[in-house]
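Visitor: One rule links them: number in this note's numbering = place in the sequence shown (from 1) + 354.
Even glycine gets a Cβ: it sits at the ideal position worked out from N, Cα and C.
Model, not experiment: these values are computed from the prediction.
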Amino acid sequence: MTGRALFDSNILVYTLDAGAAVKQTRSAEVLDGFVHTGRGVLSTQVLGEFFRVVTQKLTNPLTPVEAYIEMERLVAAWLVLPVTAVVVVEAARGVRDHGLSYWDSQLWATARLNQVETIVTEDFQDGRVLEGVRFVNPYSPSFDLAALIGE
């Protein structure tokens, strides 16, 4: 299976989390694979969550200046999808119809409305498909990066 994949902020954060060495290495490997194929996308929501977490939640948080530099790198390397009014309304439908948390639903709605087939995250049931959007956990033993990026 190949196509575009939307990355959740947790995958980005792990690349900077020295306290999670195994996830740090895996996250960097997966992100590199998608950057090289051009199939990875982020959203404005993901960028905002990333900034907040790396400046406030890490054991050794980044300064706002360091986090800003990291965000600049991400924006230069990835297609970033906007969170629009239509996405917000669709996210509310995801909460109503599928019982998702709002922020998870907003990620799903961004993918669905932009025809992104896959969300890479550890926060959903691995392999779940919801209205054509598949959730994959890059830390799962069954995760196959080569198959996902088409190599």
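Taking only the alpha-carbon atoms, compute the straight-line gap between S494 and V441 and give it to the nearest angstrom.
Guide: 29 Å
Visitor: With a CB to CB cut of under 6 Å and the five nearest residues on each side skipped, what residues in its chain are close to S381?
Guide: I365, Y368 and T369
Visitor: I need the DSSP call for G394, collapsed to helix, strand or coil.
Guide: strand
Visitor: Over the uninterrupted beta strand (DSSP E) stretch that includes T369, give me the two end residues.
Guide: It is not in any beta strand (DSSP E) - T369 carries neither H nor E in the DSSP assignment.
Visitor: To the nearest angstrom, report how far apart L502 and V395 are at their CA atoms.
Guide: 14 Å
Visitor: Measuring alpha carbon to alpha carbon, tell me which residue in T417, R393, D451 and S363 is nearest A431.
Guide: R393
Visitor: Report the CB separation of L360 from L461 in whole angstroms; it is logged as a contact under 8 Å.
Guide: 7 Å
Visitor: Between the beta-carbon of A439 and the beta-carbon of S459, is there less than 8 Å?
Guide: no
Visitor: Is the beta carbon of D362 sitting closer than 8 Å to the one on D477?
Guide: yes
Visitor: Residues in its own chain within less than 8 Å of P436 by CB, not counting five upstream and five downstream?
Guide: S397 and T398
Visitor: Taking the Cβ atom as the reference point for each residue, do V408 and E383 lie within a distance shorter than 8 Å?
Guide: no
Visitor: Measure from the alpha carbon of G481 to the alpha carbon of each residue in L467, V470, F497 and Q469, then state which is nearest.
Guide: F497
Visitor: Whole angstroms is fine: what's the gap from W457's alpha carbon to E485's?
Guide: 17 Å
Visitor: Just list the residues that DSSP pairs V487 with in beta bridges.
Guide: Per DSSP, L484.
Visitor: Which residues mark the beginning and the end of the alpha helix (DSSP H) in which T464 is found?
Guide: Y456 to L467
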